[in-house]
């Protein structure tokens with residue numbers, strides 16, 4: 017089993033969710049996080065390359081203001097090993113704009129999953 | 017070492033916390049998350065099967081409203097390998113109602129733990 | 017690749033961020049979490065050992081009040097295997113006060129990383 021953790025733009029959440037559901041992965045968890053990438057946050061020119069950021073008023077008092085923390089959404093889902101390639105493809109298609117800030121996807125090992133309702137474990141508990 | 021991640025109903029947090037403490041696991045982290053399971057969210061009939069949801073007003077404007085994201089609490093704790101079975105048992109007992117929405121427990125590998133105060137590492141830093 | 021997850025005091029975030037950036041690790045994610053350690057929360061004497069807590073009014077109605085959940089910040093970054101020692105050292109230096117509540121650092125395995133913008137994978141996608 018694997019845990020897929022995807023950091024995506026906030027406005028891409030509905031598209032990501034729909035794409036995952038259409039591909040057979042309705043179960044996921046969402047969290048609000050803040051982050052920054054290798055460019056160390058985005059400057060006041062951010063609104064030009066990402067309209068989403070023009071709405072982030074608290075971070076943009078002046079054109080030259082540096083955005084240190086960018087609001088993101090973190091999607092988490094647990095899948096079977098053989099589904100990793102498919103899920104990554106779905107998330108890439110739903111989130112790739114080609115601009116900085118498209119986010120990242122992490123694939124992490126999971127040793128076991130337990131469904132609380134039935135106490136099922138392993139692959140049977142994944143979905 | 018293992019990381020135990022449990023997604024539980026919000027109103028089960030106190031019981032989970034008490035059960036873990038009684039079993040010798042007082043240290044844990046809690047986060048607010050939203051999620052949905054394989055049923056893809058819960059419809060307006062939700063209140064009938066889970067009274068907790070009748071309080072989730074913003075999601076339930078009409079009886080037929082579909083709840084897409086259900087508020088959950090995510091509990092995380094780091095334990096030793098030999099403690100996995102015990103902790104899972106404690107969490108199952110505290111959270112199993114037999115109804116949809118009981119949540120899931122994930123067991124993930126952890127390579128190392130460092131206690132910042134003392135710089136201790138490994139098992140010595142777990143608790 | 018490894019995921020470094022650090023639970024630190026809220027007021028140590030700027031110092032942690034600066035230290036990581038100076039050491040060549042500008043990319044990270046931050047989340048607000050609540051937690052408690054092996055001492056099971058901190059009592060009303062907390063303000064004496066940690067001035068930060070004197071600001072946590074909702075938890076401290078009376079001197080003898082027990083703080084059950086302490087607000088913390090969770091920093092997450094993905095690094096290469098060979099960078100683990102360096103990053104842990106940077107985080108220890110930025111967060112070690114010697115008092116309870118300094119936090120913990122977890123090192124977790126990551127199987128793969130995908131940069132959404134370019135679809136790069138593996139080490140090339142880490143930074």
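Protein chains in written order, with my numbering: chain E, 17 to 143; chain S, 17 to 143; chain F, 17 to 143. Note that the Cβ used here is the ideal one computed from N, Cα and C, for glycine as well.
Supposed close pair residue i, residue j - CB separation, criterion 8 Å
i	j	result
residue 180 of chain E	residue 84 of chain S	No answer is possible for residue 180 of chain E: it lies beyond the span of chain E, which begins at 17 and ends at 143.
residue 47 of chain S	residue 125 of chain F	That pair is no contact at about 21 Å.
residue 54 of chain F	residue 86 of chain S	In fact, because the Cβ distance is near 32 Å, the residues do not count as touching under 8 Å.
Neighbourhood of residue i by C-beta, 8 Å cutoff - its chain only, sequence neighbours within 5 removed
i	result
residue 108 of chain F	121
residue 97 of chain F	17 and 18
residue 103 of chain E	20, 36, 39, 41, 93 and 95
residue 100 of chain E	18, 20 and 123
residue 26 of chain F	68, 87, 88 and 89
residue 138 of chain F	17, 128 and 129
Contacts around residue i, its chain only, beta-carbon distance under 6 Å, and the 5 residues preceding and following it disregarded
i	result
residue 35 of chain E	106 and 110
residue 88 of chain F	23, 49 and 51
residue 116 of chain S	none
residue 136 of chain E	none
residue 134 of chain S	none
Spatial neighbours of residue i in its chain, beta-carbon cut-off 7 Å, leaving aside the 5 residues before and after
i	result
residue 118 of chain E	111 and 112
residue 141 of chain S	129, 130 and 131
CB contact below 8 Å: residue i versus chain S
i	result
residue 138 of chain F	no
residue 50 of chain E	no
residue 121 of chain F	yes
residue 33 of chain F	no
residue 36 of chain E	no
residue 118 of chain F	yes
residue 53 of chain F	yes
residue 86 of chain E	no
CB contact below 8 Å: residue i versus chain E
i	result
residue 125 of chain F	yes
residue 97 of chain F	no
residue 133 of chain F	yes
residue 91 of chain S	no
residue 102 of chain S	no
residue 14 of chain S	Outside the shown range of chain S (17 to 143) lies residue 14 of chain S, about which nothing can therefore be said.
residue 110 of chain F	no
residue 20 of chain F	no
residue 129 of chain F	yes
Contact with chain F by residue i, beta-carbon distance below 8 Å
i	result
residue 44 of chain S	yes
residue 27 of chain E	no
residue 141 of chain S	yes
residue 114 of chain E	yes
residue 65 of chain E	Reliability of the predicted coordinates at residue 65 of chain E is poor, the pLDDT of 44 falling under 50, and no value is obtained from them.
Residue i CB to nearest heavy atom of the ligand NAP below 7 Å
i	result
residue 86 of chain F	The ligand NAP is absent from the structure shown, which contains no ligands of any kind.
Minimum Cβ-Cβ distance from residue i to chain A less than 8 Å
i	result
residue 104 of chain S	Among the protein chains in the structure shown, which are E, S and F, there is no chain A.
At a cut of 8 Å, does the stretch 25 to 41 of chain F reach the stretch 39 to 47 of chain E through at least three beta carbon pairs? no
Quick one: which unbroken alpha helix (DSSP H) runs of 4-plus residues sit fully inside the stretch 90 to 118 of chain S? Chain order, please. 100 to 111
Inside the stretch 24 to 59 of chain E only - alpha helix (DSSP H) runs reaching at least 4 residues: 29 to 38
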